[in-house]
Amino acid sequence: MTNSIHEIRDADCIFITGSNTTEAHPVLSYEVIRAVKKGATLIVLDPRRIPIVKHATLHLQPKPGADIYLFLAMAHIIIRDGFLDEPFISQRTEDFALFEQSVKAMTPERAALETGIPAKQIEQAARLYAMGQRSFGSSIYEDSQTAPYRGHSTILYAMGITQRSNGTDLVHMLANLAMLGGHLGKPSTGVNPLRGQSNVQGACDLGGLPNVLPGYQPVTDAAKRKTVAEKWGLTDLPAQLGLTVVELTQAAETGQVKALWVMGENPMLSDPDVTHVESALRNLDFLVVQDIFLNETAQLAHVVLPAAASLEKDGSFTNTERRIQLLQPVVKPPGEALPDWQIIGAIAPKVEARLGHDRPDGYWDYGSSAQIMTEIAEVTPIYGGVSYERLVGQGLVWPCPTPDHLGTPILHVGQFSRGLGRFYPVELHLPAEQPDEEYPLILTTGRVLYHYHTGTMTRRSDGLDWIAPRGYVEVNPVDAEQIGLQDAGQVWIVSRRGKVRTQARVSDKVAAGVVFLSFHWKEAPANRLTQDFALDPIAKIPEYKACAVRLESTKRKGKKIKNSGAG
Ligand SMILES: Nc1nc2c(c(=O)[nH]1)N[C@H]1C(S)=C(S)[C@@H](COP(=O)(O)OP(=O)(O)OC[C@H]3O[C@@H](n4cnc5c(=O)[nH]c(N)nc54)[C@H](O)[C@@H]3O)O[C@H]1N2
Ligand SMILES: Nc1nc2c(c(=O)[nH]1)N[C@H]1C(S)=C(S)[C@@H](COP(=O)(O)OP(=O)(O)OC[C@H]3O[C@@H](n4cnc5c(=O)[nH]c(N)nc54)[C@H](O)[C@@H]3O)O[C@H]1N2
Ligand SMILES: [Mo]
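The opening position of the sequence shown corresponds to residue 14 in the numbering used here, with each subsequent residue numbered one higher.
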């Protein structure tokens, strides 16, 4: 996030798109609701009538993938109607003229024609967001010197934006909208991705990506690579880019990758097109899985390494607002399970010896996780001032480059990291697999409140299993009627990759032509249906949010399950 979580409560306008905030970020969603109760406007742009919609001033409901028309039209309107923050644009940005040209053709009328959403609503969304208009009450930021007053607007987004074959473009588009309204570098504004796992932010910060070293230093930058290598007792590090998750699986299938060490992931259920994933994993010469449970992927492994869970070890998590926080163990790990870093530390010297790396004796003998943080600070400029002593209490928000630096809760204050903020013209691009006669519906996948991903952890909980014991697909009554499907009846969902059977929930939560299935259920694995051929060209993320399917009746009515997922 560019800004902090608590700032959301003071925003004048909140624009949520591609985030099922109350189900996937329930704690943070209270900040949104709190702001709305104090008079903030809330715009939700989402193909489903998700629970946060009940607090919304405006809900725009395009089909999956059609949001691009609305974003472009909103920019068109902001420029056409003069809702721009002109001083911000002239002083802090570049390439505005190029961008203006790129949205000229996307009139609200054209976007309305393409999406079925009335032009008036798109105009309302553009004005509310750009001007930061409240529905009642006064802004805590109001300054009588500036007229007309421009409120503080914030954008919250998540996987509905990024899990797309044009995800990077869409994020650029949200940044373009924020720059048009001058909603960056001030409190309660920003472009705020709500990150997923407890420490996904930390994993990326520390180089858990195939193209960067710790602190987002490109592996292709020779000087930076050398500095890090020297701290690690080596003369240099590999300069070529690694493979991303989906590329790895594809490389395993062709035999280019021969061995894989999977730590804390369950690709047999979470990667796209799992039929492919299974044949790829079976094709490996050697598969190691390091996990806290014997998940579906571990069942294919040659070696399974038992890891300690988060409550059984110390360390740190970096959350979605870039806050680095200490983690304390509350129970001991069972059996032979060890913290991940100790497992790696025990195996790494043996691997290095076989590879012929020459490291000082005892190089991998970290005495504690605090000592690892000392090394992190040395090789990661944005964590340069971080130590365990300083993390006690509230933690620290990076960038925190030096031991006396207090952290940076708001990014881009006064200046962007690259200097001027650049407007990126974005092209119209729709999901790779479009519905046709044979597969007339769009499947979109995601989460429900009561379960976490592939269910390795949450489906072991009796309480959660009682509330949400099994999966279901959300179907609009119009599409259900086509095949004589009733609420709670069984149905096949069929894509070009495979088919799964599950229970139907017939309601207008999804629009006609759209079905929603979450990927928590191994009995009806959503990723048997998704495709892995269309990746975002930059982030290489698969298009989990849209593929073409059809429904087939099983002629079984089924019984409605009690207590099944009030979410
Ligand atoms: N309960 C629970 N919470 C979780 C998780 C969990 O498994 N369970 N997982 C965590 C993780 S790792 C992550 S990444 C986050 C994910 O958090 P979210 O991204 O909020 O969750 P999703 O359910 O993947 O879907 C996001 C929203 O995108 C919408 N959407 C679908 N297609 C489109 C589209 O074309 N355009 C737009 N604008 N929106 C679209 C969906 O309707 C949905 O409301 O959740 C985290 N929190
Ligand atoms: N169709 C579809 N597919 C999706 C998505 C979607 O929206 N739709 N979302 C995608 C997203 S955003 C995500 S983040 C992925 C998630 O996909 P995965 O990360 O593959 O799913 P999880 O079930 O969270 O798997 C985590 C594994 O880590 C283990 N684990 C937990 N704690 C520890 C630990 O401390 N150490 C070790 N070694 N292991 C541990 C758990 O037991 C579990 O087996 O799924 C992706 N797949
Ligand atoms: Mo995620």
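We put the beta carbon where it would ideally sit given N, CA and C, even for glycine.
Can you give the Cα-Cα distance for residue i and residue j, rounded to whole angstroms?
i, j, result
"Asp98", "Gly194", "5 Å"
"Leu190", "Asn332", "25 Å"
"Ala552", "Ala264", "17 Å"
"Phe299", "Pro251", "23 Å"
"Trp411", "Pro555", "29 Å"
"Gly180", "Ile174", "6 Å"
"Pro60", "Ile130", "11 Å"
"Gly255", "Leu548", "16 Å"
"Ala359", "Asp478", "37 Å"
"Leu282", "Val213", "19 Å"
"Pro398", "Tyr463", "Per the sequence shown, the amino acid found at residue 398 is Gly instead of Pro. So the two alpha carbons sit approximately 38 Å from each other."
"Leu456", "Leu564", "10 Å"
"Glu278", "Pro538", "16 Å"
"His425", "Tyr485", "43 Å"
"Phe429", "Val225", "21 Å"
"Pro285", "Phe532", "10 Å"
"Ser566", "Val491", "14 Å"
"Gln384", "Val290", "37 Å"
"Phe101", "Met192", "8 Å"
"Cys413", "Ile506", "49 Å"
"His72", "Ser115", "26 Å"
"Met386", "Thr106", "36 Å"
"Leu187", "Val364", "44 Å"
"Gly215", "Ile337", "8 Å"
"Leu222", "Val184", "19 Å"
"His442", "Thr421", "35 Å"
DSSP state of residue i, grouped into three classes?
i, result
"Ala579", "The predicted position of Ala579 is uncertain, since its pLDDT is 42 and thus under 50; a value taken from the coordinates is nonetheless stated next. Of the three classes helix, strand and coil, the one that applies to Ala579 here is coil, per DSSP."
"Trp354", "helix"
"Asn279", "coil"
"His315", "coil"
"Val184", "helix"
"Leu404", "helix"
"Thr515", "strand"
"Leu324", "helix"
"Arg140", "helix"
"His72", "strand"
"Tyr485", "strand"
"Leu454", "strand"
"Gln503", "strand"
"Ile554", "coil"
"Asn8", "Only positions 14 to 580 of the chain appear in the structure, and residue 8 is not among them; the question remains open."
"Asp304", "strand"
"Gly228", "helix"
"Gln338", "strand"
"Gly375", "coil"
"Ser115", "helix"
"Thr393", "coil"
"Glu20", "helix"
"Arg367", "helix"
Compare the Cα-Cα distances from residue i to each of the options and report the closest residue.
i, options, result
"Asp378", "Gly427, Gly78, Gln355 and Leu297", "Gln355"
"Gln74", "Thr310, Tyr401 and Ala124", "Ala124"
"Arg93", "Ile395, Thr120 and Leu313", "Thr120"
"Tyr376", "Ala390, Leu247, Ala293 and Leu282", "Leu247"
"Asn540", "Val225, Ile360 and Val259", "Val259"
"Ile91", "Arg105, Lys117 and Leu454", "Lys117"
"Val504", "Pro482, Asp521 and Leu530", "Leu530"
"Pro280", "Gly268, Val302, Lys271 and Thr267", "Val302"
"Asp25", "Ala48, Leu368 and Gln114", "Ala48"
"Ser211", "Ile480, Glu155, Lys133 and Glu334", "Glu334"
"Cys560", "Ala445, His68 and Glu388", "Ala445"
"Ala525", "Gly468, Thr471 and Leu454", "Leu454"
"Ser292", "Ile337, Lys271, Ile305 and Thr240", "Lys271"
Just confirm the distance between the C-beta atoms of residue i and residue j, as a whole number of angstroms; I'd bet it's less than 8 Å.
i, j, result
"Asn489", "Val527", "7 Å"
"Thr70", "Ile56", "6 Å"
"Gly502", "Leu542", "With 8 Å as the limit, Gly502 and Leu542 do not qualify as a contact, their Cβ atoms being about 19 Å apart."
"Thr128", "Leu83", "6 Å"
"Pro200", "His165", "7 Å"
"Phe436", "Phe112", "4 Å"
"Met172", "Gly31", "6 Å"
"Lys237", "Asp249", "The Cβ separation is near 11 Å, so there is no contact."
"Ile65", "Ser42", "6 Å"
Exercise answer, beta-carbon shell around ligand 3 heavy atoms below 7 Å: Counting every residue whose Cβ lies closer than 7 Å to a heavy atom of ligand 3, we get Met172, Gly209, Gln210 and Val213.
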